[in-house]
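Peer 1:
Numbering (our numbering), first residue to last: -6 to 96.
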């Protein structure tokens, strides 16, 4: 992270994503505790009919300035509500993730 730049908080990331994707349900996790490596699970009806690349572009577009200076790494999982429910039922990978909508 550049000198003098404050680490971004999970709440700031959520707020930026919600500005661009207001119907999103978001869970952000700081993967290292350093405030620059995050994992995000984003569930939104806005993702219906969109490719994974398009979904990720939507999220990165919401975070554009933060991605340049304040976020070093961001692992994304972008799902429709139906996909999230299916993942929750069929795999153990997302079962323990509690997704909260914050405003």
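Think of the CB as a built atom: it goes at the ideal place given N, C-alpha and C, for glycine as much as any other residue.
Is the separation between the beta-carbon of residue 66 and that of residue 1 shorter than 9 Å?
Peer 2: In the chain shown, the residue the question calls residue 66 occupies position 73. In the chain shown, the residue the question calls residue 1 occupies position 8. Not a contact, by the Cβ cut-off of 9 Å.
Peer 1: Does residue 101 come out as helix, strand or coil in the three-state DSSP assignment?
Peer 2: What the structure shows of the chain is the stretch from -6 to 96, and residue 101 is not part of that stretch, so it cannot be assessed.
Peer 1: On the DSSP bridge list, what partners appear for residue 30?
Peer 2: For the purposes of this step, residue 30 is identified with residue 37 of the chain shown, where counting begins at 1. Beta-bridge pairing links residue 30 to 66.
Peer 1: Which residues in the same chain as residue 74 place their Cβ atom closer than 7 Å to its Cβ, once the five residues preceding and following it in sequence are excluded?
Peer 2: Translated into the one-based positions of the chain shown, residue 74 becomes position 81. Counting only Cβ-Cβ distances below 7 Å, and skipping sequence neighbours, we find 36 and 38.
Peer 1: Taking the beta carbon of residue 24 as the centre, do at least 16 other beta carbons fall within 10 Å, making it buried, or is it exposed?
Peer 2: Translated into positions along the chain shown, residue 24 becomes position 31. Its Cβ having fewer than 16 others within 10 Å, residue 24 is exposed.
Peer 1: If you reduce the DSSP assignment to three classes, tell me which class residue 11 lands in.
Peer 2: Taking the first residue of the chain shown as 1, we reach residue 11 at position 18. Residue 11: helix per DSSP, three-state reduction.
Peer 1: Once you ignore the five residues that flank residue 6 on each side, which residues in its own chain have a CB closer than 6 Å to its CB?
Peer 2: As a position in the chain shown, residue 6 is number 13, starting the count at 1. Hits under 6 Å: 21.
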